[in-house]
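Student:
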Amino acid sequence: MEKINFIFGIHNHQPLGNFGWVFEEAYNRSYRPFMEILEEFPQMKVNLHFSGPLLEWIEENRPEYIDLLRSLVRRGQLEIVVAGFYEPVLAAIPKEDRIAQIEMLKEYARKLGFEAKGVWLTERVWQPELVKSLKEVGIEYVVVDDYHFMSAGLSKEELFWPYYTEDGGEVVTVFPIDEKLRYLIPFRPVEKVIEYLEGLADNDPSKVAVFHDDGEKFGVWPGTHEWVYEKGWLRKFFDEITSNEKINLMTYTEYLGKFTPRGLVYLPIASYFEMSEWSLPAKQAKLFVEFVEQLKEEGKFEKYRVFVRGGIWKNFFFKYPESNFMHKRMLMISKVVRENPEARHYILKAQCNDAYWHGVFGGVYLPHLRRTVWENIIKAQSYLNPENKVLDIDFDGRKEIMLENDNFIATLKPHYGGSIFELSSKKKAVNYNDVLPRRWEHYHEAPEATTPEEKNKEGVASIHELGKAIPEEIKKELAYDWQLRAILQDHFIKPEETLDNYRLVKYHEFGDFVNQPYEYILKGNKVKLWRNGGIYGKEKIPATVEKEIELSEEGFVAHYRVSLEKPFKILFGVELNLAVHGVMETPGNFEEKEFEVNDPYGVGRVKIETDKQAKIWKFPIKTLSQSEAGWDFIQQGVSYTLLFPIEKEIKFKIKFKEL
C-alpha cells in the first residue's frame with residue numbers, strides 16, 4: 000500500500016518579559032488543553048519544543064504540567080526538540096553563547112526524561128556556520144522551512160525527504176517543513192489535511208511530510224480556541240491521523256533510525272517566506288508584496304516562487320537602528336563576562352529574540368520586551384568596573400562616547416546631534432532612552448501578502464489571511480518622525496509654533512543640529528560637545544550650540560551655551576525623549592523651572608530641573624504596528640521639550656535627577 004510518513008511538531012514560546020496574564024491565557028487556551036487531549040490518544044506522537052522562558056513560568060506557576068510532559072515522554076508520545084534556552088536567534092549570537100544556550104535546554108530536556116538530538120531553529124533563521132556549533136553540542140538534526148531548500152534551487156517535489164548539510168567538514172541533517180501544511184493545520188477542516196497527506200502517499204517508504212509550527216495556532220491565535228477545542232478540530236485530527244492506514248506517524252529520531260537522508264544540500268542564509276518580506280526596509284517590502292500579489296494574480300507564483308526572495312533576518316538591524324544598538328550592546332558585554340557565571344546568565348537572557356525584530360510577530364515595537372532586554376544588559380554590565388570610553392559600539396563606522404559611574408551608563412552619539420542615546424540606571428536596571436521613533440511601515444498602505452486559501456470560507460482564517468484597515472481615530476494621530484529619538488536633542492523653532500504642529504511633525508525646523516555631527520572633547524567624567532551650524536530663515540544665520548554633559552550619582556547635568564552671530568527671535572528647544580511606558584500621557588504644555596516624571600510601571604520617578612524658566616511641551620510618541628490581534632497604537636515614550644527664547648545668546652543648565 001502507498002503510504003506517507005508524517006512528522007507532527009509544535010513550538011511553544013512566550014518571550015522573556017511578557018506579561019503574566021499573557022502566559023496564563025496562552026496556557027489555558029492552548030498549552031494545557033493541547034496536552035490533555037494528546038493524553039487521550041496514546042498512539043499520537045508529537046515532536047515538542049518549549050522555550051526556556053515558558054518552561055520557567057510553567058515550573059513556577061503550573062508544576063503539574065511538567066509532570067504531564069514527563070508522563071508523555073515516558074509513554075513515547077513526545078520527542079523533545081531543543082533550541083537556545085532563552086530562544087535566541089542562534090545566527091545572531093556568538094558561538095560560545097549558542098553552545099551555552101543549547102546546553103541549558105538540553106539539560107532541561109534530560110529532566111523531562113529525554114536526551115534531545117534535534118534543534119528547532121528559532122524563527123528558522125539559518126546560517127551555514129551554525130552546523131559546527133550544533134555538532135559541538137551533540138545535535139544531529141535541525142528543522143527548517145521548505146523555503147530554505149527552494150532558495151537553494153530544489154523543487155517542491157524534492158522536499159519530502161531530509162538532507163544532509165555540511166560546513167567545515169561537520170554534517171547535520173536538515174528536515175524541511177511543508178509550507179502547505181503550515182497553512183492547512185489547524186485552519187482548514189481535518190478532511191482537507193487528510194486529503195492532502197493521502198495525496199502525498201507513495202511507494203517510496205522514506206517519503207515524509209513535516210509539520211512543525213507555533214503551538215499558539217492551537218488556541219491563542221484569533222478564532223482558533225473555539226475552532227480547535229470547542230468545535231473539536233484537535234480531537235478529530237488526532238483520531239483521523241492515528242487511524243489512517245496511509246499515514247505513518249513518526250518522530251524525527253524514529254525516521255532517522257529507519258531511513259538515510261536523501262543527499263547533500265547547501266542552504267543559503269534564510270528564514271521562512273513571510274520573514275523575507277518583514278525584514279526588508281519598508282519601501283522595498285511594499286514593492287515585494289506588490290510583486291508577490293502580481294505573480295499570484297497571473298497564476299505564476301507557484302512556478303517561480305523558488306526565485307522570489309526578500310530580505311534576511313539580520314536586516315532588522317539595518318531597518319531598526321534601536322534594535323541594532325541594543326544587539327551590539329549585548330554583544331559588547333557578552334565578550335567580557337564569559338568567565339562570570341552570574342553576569343553571563345543575564346546576557347543569555349538578553350538574547351531572547353522577540354524584542355529585536357518585527358513582523359506579524361516579533362516585538363521591537365513592544366516596550367515591555369525591549370525593557371527586559373535592557374534590564375539584563377544593564378545587570379550584566381553592573382558586574383564590571385565603570386569605565387569611560389570612546390568606541391564604535393554599533394559598528395556603523397562612527398564612534399560613540401560611553402560615560403559610566405557606579406550608578407549610570409550614558410552613551411552619546413557625537414555624530415547624531417551630540418545626544419544621549421542610552422541613559423541606563425544600574426539601580427533601576429532601565430534605559431531611560433529606550434524610545435522608538437514613529438516609522439512608516441509598508442503594511443500601513445499595502446495589504447499583507449496572503450495565501451491562495453484566503454478565499455476558502457471553510458475553517459478559520461490564519462493571521463496571514465486577516466485583512467486590516469487602519470481605524471480613523473488612529474489616522475488622526477498618526478505621524479512619522481524624521482529623526483531618531485534621544486535625550487538632549489537641540490531644536491530651533493519659531494516663537495509662534497504650536498504644540499500640535501510640533502508633535503504631528505508639521506512644524507518647520509530652523510536649525511541644523513538635531514541629527515548633525517558635533518565635535519567633542521572627553522575629559523574624565525565630562526564630555527564637551529559643540530557644533531557651529533546655522534538657523535535657516537530667509538538667510539542663514541550662523542549659530543553655535545555648546546553643551547557639557549557630566550554624569551552624577553543621581554543622573555546627569557548638562558550646561559548649555561547657545562549663541563547667534565546676529566540677533567534673531569527664535570525658540571531654542573532641548574528635547575528629552577524618555578521611556579515612559581506605564582503611564583499613558585496626553586499632549587500638554589506648561590511653564591516651570593522643574594517638573595517630575597512618574598512612571599511607576601516603567602522608569603519610575605525622575606526630576607528635570609533648569610536654572611531658567613522654560614516653556615515645556617510634552618506629548619506621547621505612539622507608533623502604529625501590527626500583531627496577531629490587529630493594529631497596535633503603542634506609546635513608545637514621552638517627548639519633553641524645554642523651550643527658551645533667544646535673540647543673541649543664552650546660557651542655562653539642565654539637571655536630570657533619578658528619584
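Using numbering that gives the first Met the number 0, read the sequence shown as starting at 0 and increasing by one per residue.
Each residue gets a CB set at the ideal place from its N, CA and C atoms; glycine is no exception.
1) Nearest CA to the CA of Asp212: which residue from Tyr600, Gly510, Lys155, Phe49?
2) Just to confirm, are Ser423 and Ile400 a CB contact at a threshold of 8 Å?
3) Taking just the CA atoms, how far does Cys351 sit from Gly362?
4) Counting C-beta neighbours from all protein chains within 10 Å, is the total for Ser270 16 or more, i.e. buried, or is it exposed?
5) Run through DSSP, which three-state label would Pro451 get?
6) In the DSSP assignment, find the beta strand (DSSP E) that holds Glu23 and state where it starts and stops.
7) Please give the ranges of any beta strand (DSSP E) in the region 172-256, keeping only runs that are unbroken, at least 3 residues long and fully inside the region.
8) By the DSSP assignment, the alpha helix (DSSP H) with Tyr501 in it spans what residues?
9) Less than 8 Å between the C-beta atoms of Val561 and Glu648, yes or no?
10) Per DSSP, which residues does Asp144 bridge with? Please list them.
11) Just list the alpha helix (DSSP H) runs in the region 280-340, keeping only unbroken ones of 4 residues or longer that don't cross its boundaries, in chain order.
12) Can you tell me whether Phe643 is helix, strand or coil according to DSSP?
13) Ordered along the chain, which non-local residues of its own chain (more than five positions away) have a Cβ less than 6 Å from that of Lys539?
14) Which same chain residues end up closer than 6 Å to Phe300 when comparing Cβ atoms and leaving out the 5 residues on each side of it in sequence?
15) Can you give me the start and stop residues for the alpha helix (DSSP H) that Ala628 sits inside?
16) Quick one: residues in its chain with C-beta nearer than 8 Å to the C-beta of Pro451, no 5 flanking neighbours on either side, listed in chain order?
17) For Gln488, which beta-bridge partners are listed by DSSP?
18) Output the boundary residues of the beta strand (DSSP E) element that contains Trp373.
19) Taking three-plus beta-carbon pairs below 8 Å as touching, is the region 421-440 in contact with the region 255-269?
20) Report the rounded CA-to-CA distance for Pro52 versus Ala557, giving the unit in angstroms.
21) From the DSSP output, in three-state form, read off Gln635 for me.
22) Please name the residue or residues paired with Gly587 in a DSSP beta bridge.
23) Determine which residues share a DSSP beta bridge with Thr121 and list them.
24) Can you tell me the Cα-Cα spacing of Ile9 and Gly458, whole angstroms?
25) Rounded to a whole number of angstroms, what is the C-alpha to C-alpha distance between Glu453 and His147?
26) Is the number of C-beta pairs between the region 614-625 and the region 590-603 that are closer than 8 Å three or more?
27) Take the Cβ of Ile473 as the centre, count every other Cβ of all protein chains shown within 10 Å, and call the residue buried at 16 or more, exposed below.
28) Quick one, are the C-beta atoms of Tyr162 and Val171 less than 8 Å apart?
29) Identify, in the order they occur along the chain, each residue of the same chain with its Cβ nearer than 7 Å to the Cβ of Glu128, setting aside the five sequence neighbours on each side.
30) Examine the Cβ distances between the region 596-611 and the region 505-517 and report whether three or more of them are shorter than 8 Å.
31) Looking at Val434: is its Cβ nearer than 8 Å to the Cβ of Gln635?
32) Keeping to the same chain, check which residues put their C-beta closer than 7 Å to that of Pro385; ignore five residues upstream and five downstream.
33) Using a Cβ cut-off of 8 Å (strictly closer), state whether Lys116 contacts chain B.
34) Out of Glu495, Lys378, Phe290, which has the shortest C-alpha to C-alpha gap to Ser333?
35) If I'm right that Lys348 touches Tyr85 with Cβ under 8 Å, what's the distance once you round it to whole angstroms?
36) According to DSSP, which residues form a beta bridge with Phe655?
Tutor: According to the structure shown:
1) One-based indexing of the sequence shown puts residue 212 at position 213. Put simply, of Tyr600, Gly510, Lys155, Phe49 the residue whose alpha carbon is nearest the alpha carbon of Asp212 is Phe49.
2) Here residue 423 corresponds to residue number 424 of the sequence shown, with the count starting at 1. Here residue 400 corresponds to residue number 401 of the sequence shown, with the count starting at 1. Cβ atoms of Ser423 and Ile400: not closer than 8 Å.
3) As a first step, residue 362 is located in the sequence shown; it is residue number 363 there, counting from the start. As a first step, residue 351 is located in the sequence shown; it is residue number 352 there, counting from the start. Their backbone Cα atoms lie some 11 Å apart in a straight line.
4) Counting from one through the sequence shown, the residue named residue 270 turns up at place 271. Buried, by the Cβ-count rule.
5) As a working note, residue 451 is residue 452 in the sequence shown. Low confidence applies here, because Pro451 scores a pLDDT of 43, under 50, leaving its location unreliable; read the following figure in that light. In the structure shown, Pro451 sits in a helix (DSSP, three-state: H, G or I).
6) As a working note, residue 23 is residue 24 in the sequence shown. First-last for Glu23: 19-25, but that is the alpha helix (DSSP H), not the beta strand (DSSP E).
7) Counting only runs of 3 or more, we get 207-213, 246-249.
8) Counting from 1 along the sequence shown, the entry for residue 501 is found at position 502. In this chain, the alpha helix (DSSP H) harbouring Tyr501 covers 498-502.
9) Counting from one through the sequence shown, the residue named residue 561 turns up at place 562. Counting from one through the sequence shown, the residue named residue 648 turns up at place 649. Yes, Cβ-Cβ distance for Val561 and Glu648 is below 8 Å.
10) Locating residue 144 in the sequence shown gives position 145, counting from the first residue. Beta-bridge pairing by DSSP links Asp144 to Ile176.
11) As far as the region 280-340 is concerned, its whole alpha helix (DSSP H) runs of at least 4 residues are 281-296, 300-303, 315-318, 320-335.
12) Position 644 of the sequence shown, counting from 1, holds the residue named residue 643. In the three-state DSSP reduction, Phe643 falls in the strand class (E or B).
13) As a working mapping, residue 539 is identified with position 540 in the sequence shown. For Lys539, where only same-chain residues beyond five positions count, the Cβ hits under 6 Å are Gly533.
14) The sequence position of residue 300 within the sequence shown is 301, counting from 1. Cβ neighbours of Phe300 beyond the five flanking positions: Leu294.
15) On the sequence shown, position 629 is the one that residue 628 refers to. Note, Ala628: premise wrong, no alpha helix (DSSP H); not H, not E.
16) Position 452 of the sequence shown holds residue 451. Because Pro451 carries a pLDDT of 43, less than 50, the predicted location of this residue cannot be relied on, and the following value inherits that uncertainty. When the five nearest sequence neighbours on each side are left out, the beta carbons in the same chain lying within less than 8 Å of the beta carbon of Pro451 are those of Lys295, in order along the chain.
17) The sequence position of residue 488 within the sequence shown is 489, counting from 1. Answer is Glu574, bridged to Gln488.
18) Counted from its first residue, the sequence shown places residue 373 at position 374. In the DSSP assignment, Trp373 falls outside any beta strand (DSSP E) and within the unbroken alpha helix (DSSP H) covering 366-380.
19) The answer is no - the region 255-269 does not touch the region 421-440, with fewer than three Cβ pairs under 8 Å.
20) As a position in the sequence shown, residue 52 is number 53, starting the count at 1. As a position in the sequence shown, residue 557 is number 558, starting the count at 1. Cα to Cα, Pro52 sits roughly 40 Å from Ala557.
21) Here residue 635 is taken as the residue at index 636 of the sequence shown, counted from 1. In the structure shown, Gln635 falls within a strand segment according to DSSP collapsed to helix, strand and coil.
22) The residue given as residue 587 occupies position 588 in the sequence shown. Partner residues in the beta bridge of Gly587, as assigned by DSSP, are Lys617.
23) The residue given as residue 121 occupies position 122 in the sequence shown. According to DSSP, Thr121 shares a beta bridge with no other residue.
24) Against the sequence shown, residue 9 aligns to sequence position 10. Against the sequence shown, residue 458 aligns to sequence position 459. A straight line joining the alpha-carbon of Ile9 with that of Gly458 spans about 20 Å.
25) Translated into positions along the sequence shown, residue 453 becomes position 454. Translated into positions along the sequence shown, residue 147 becomes position 148. In this prediction, Glu453 has a pLDDT of 46, which is less than 50 and means its spatial position is unreliable; what the coordinates show is noted afterwards. So the alpha carbons of these two residues sit roughly 24 Å apart.
26) Enough Cβ pairs lie closer than 8 Å, so yes.
27) Within the sequence shown, numbered from 1, the residue matching residue 473 stands at position 474. Classification of Ile473: exposed, given that the 10 Å Cβ count is below 16.
28) As a working note, residue 162 is residue 163 in the sequence shown. As a working note, residue 171 is residue 172 in the sequence shown. Cβ distance not < 8 Å, so Tyr162 and Val171 don't count as in contact.
29) For this step, residue 128 is matched to residue 129 along the sequence shown. Hits under 7 Å: Asp166.
30) Touching, no.
31) Here residue 434 refers to the residue found at position 435 when the sequence shown is read from its first residue. Here residue 635 refers to the residue found at position 636 when the sequence shown is read from its first residue. Yes; because the gap between Cβ atoms is below 8 Å, this pair is in contact.
32) Numbered from 1 along the sequence shown, position 386 holds the residue referred to as residue 385. Listed in chain order, the non-local C-beta contacts of Pro385 below 7 Å within the same chain comprise Glu403, Asn404, Asp405, local neighbours out to five positions each way being set aside.
33) Annotation note: the requested chain B is absent from the structure, which comprises a single protein chain.
34) Stepping through the sequence shown from its first residue, residue 333 is reached at position 334. Of Glu495, Lys378, Phe290, the residue nearest in Cα terms is Lys378.
35) Within the sequence shown, residue 348 is the residue found at index 349, counting from 1. Within the sequence shown, residue 85 is the residue found at index 86, counting from 1. Sure, about 5 Å apart at Cβ, within 8 Å.
36) Indexing the sequence shown from 1 puts residue 655 at position 656. Under the DSSP definition of a beta bridge, Phe655 partners with Phe555, Ile607.
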